[in-house]
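S.K.: In our numbering, the protein residues as written are 33 to 362.
Quick reminder that beta carbons are idealized off the backbone N, C-alpha and C, glycines included.
Computed from a predicted structure; not experimentally measured.
Questions regarding the structure given below will be posed in turn.
Here it is, written out as structure tokens:
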């Protein structure tokens, strides 16, 4: 059995374990319009990548994966809380092909159910060792504020014509990557890792998350629609600031910047996607983004390699998992 096959099977087992725990949450029946939307939203599923990272972190330090289940569930419920509220702010009609909560019910129900989901996320930490709770609570509080900061930066950038690459990377770090870092760190805390190794585990998750987001930006424009599951250029049509767009605006000459701005201001059309993609290609943006993604991945691996006390087999699994995430085509 190849290493990548082994890691895929192991990840699938952990994903299933988390999914079972999530679907078996002991939620009250009443009031129905508070808890039913939570059950509905959690049933939509997802890859459960963040909780899996917490479980893999426990294995990294020689513990059973289930040691970090309180952190895994807390991270997963918190992540879904952010998605539920993001959908409201984005006025998104669908999430993973299903109606969003605010569309299926209404915005007020979605807001309140999201608030309850965040409280439930914190409750998942109660079974953790009492001596670890302060550190776990500190980490989830820290990441909760950072995710809010990242979301605000993202909204602020929507009203700006120019965003620097540095600003964009800070935004995706806060909005997306810090939660992967926190998942790793919380798993390490529950496994009894020393503070320095907790930070290295965090850094591995953080840089893997950044690479993951750059890859996501790439797939939206250059991904195979048959494998990616949707037509390319969704981010272009939505006029989103992505790594590709901000990098292009940063390196382009005045004529090309004017052309990019003109196309981004144009109504949605197939021509808009084709022309912006052509400009990205002419500037070598795809290659730059791929280079940035690989550089981030190497920083993640360097952090992991710095953990001398780690279980080497578990370390290899984490590296294979990160490579699998970055090599994905969907």
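Using only the alpha-carbon positions, how far apart do residue 37 and residue 147 sit?
M.R.: Using only the alpha carbons, I get a separation of about 39 Å.
S.K.: Residue 283 and residue 242 - do their beta-carbons sit closer together than 8 Å?
M.R.: Against a cut-off of 8 Å, the Cβ pair of residue 283 and residue 242 comes out as no contact.
S.K.: Kindly indicate the opening and closing residues of the alpha helix (DSSP H) around residue 345.
M.R.: Its alpha helix (DSSP H) spans residues 344-359.
S.K.: Take residue 108 and list the residues in its own chain whose beta-carbon comes closer than 7 Å to its own, dropping the five residues that flank it on each side.
M.R.: Closer than 7 Å at Cβ, skipping near neighbours: 50, 54, 80, 82 and 83.
S.K.: Just tell me which of 154, 315, 119 and 151 has its CA closest to the CA of residue 138.
M.R.: Of the listed residues, the one whose Cα sits closest to residue 138 is 119.
S.K.: Tell me the DSSP secondary structure of residue 192 in three-state form.
M.R.: Coil, per DSSP.
S.K.: With DSSP as the reference, please indicate the residues paired to residue 393 in a beta bridge.
M.R.: The question about residue 393 has no answer here: the residues shown for the chain are numbered 33 through 362.
S.K.: Go ahead and label residue 349 buried or exposed: buried means 16 or more other beta carbons lie within 10 angstroms of its beta carbon, across all protein chains shown.
M.R.: By the neighbour-count rule (16 or more Cβ atoms within 10 Å), residue 349 is buried.
S.K.: Which word fits residue 196, buried or exposed, when buried means at least 16 other C-beta atoms lie within 10 angstroms of its C-beta?
M.R.: Flag for residue 196 reads exposed.
S.K.: Do the stretch 207-216 and the stretch 232-240 meet, that is, are 3 or more Cβ pairs less than 8 Å apart?
M.R.: These segments touch.
S.K.: Measure the alpha-carbon distance for residue 136 versus residue 199 and round it to whole angstroms.
M.R.: Roughly 35 Å separates the two Cα atoms.
S.K.: Tell me, please, whether the stretch 64-78 touches the stretch 94-107 by the rule of three or more beta-carbon pairs shorter than 8 Å.
M.R.: Segments in contact, no.
S.K.: Consult DSSP for residue 71 and reduce its assignment to one of helix, strand or coil.
M.R.: Residue state, collapsed to three classes: helix.
S.K.: Determine the closest residue to residue 133 out of 226, 324 and 70, with distance taken between C-alpha atoms.
M.R.: For the residues 226, 324 and 70, the minimum Cα distance to residue 133 belongs to 70.
S.K.: Grab the span of the alpha helix (DSSP H) containing residue 241 for me, first residue to last.
M.R.: Note, residue 241: alpha helix (DSSP H), 227-254.
S.K.: When the Cα atoms are used, what is the spatial distance from residue 90 to residue 57?
M.R.: Approximately 22 Å between the Cα atoms of the pair.
S.K.: Please return the same chain residues whose Cβ sits closer than 7 Å to the Cβ of residue 359, not counting the five positions on each side in sequence.
M.R.: Within the same chain, residue 359 has no close Cβ partners at all.
S.K.: Please go through the same chain and pick out, in chain order, the residues whose beta-carbon is closer than 6 Å to the beta-carbon of residue 331, but skip the five residues on each side of it.
M.R.: Closer than 6 Å at the Cβ level, and outside the excluded window around residue 331, lie 239.
S.K.: What are the start and end residues of the alpha helix (DSSP H) that includes residue 312?
M.R.: First-last of the alpha helix (DSSP H) with residue 312: 302-315.
S.K.: Could you tell me whether the Cβ atoms of residue 292 and residue 321 are closer together than 8 Å?
M.R.: Not in contact: residue 292 and residue 321 (Cβ atoms no closer than 8 Å).
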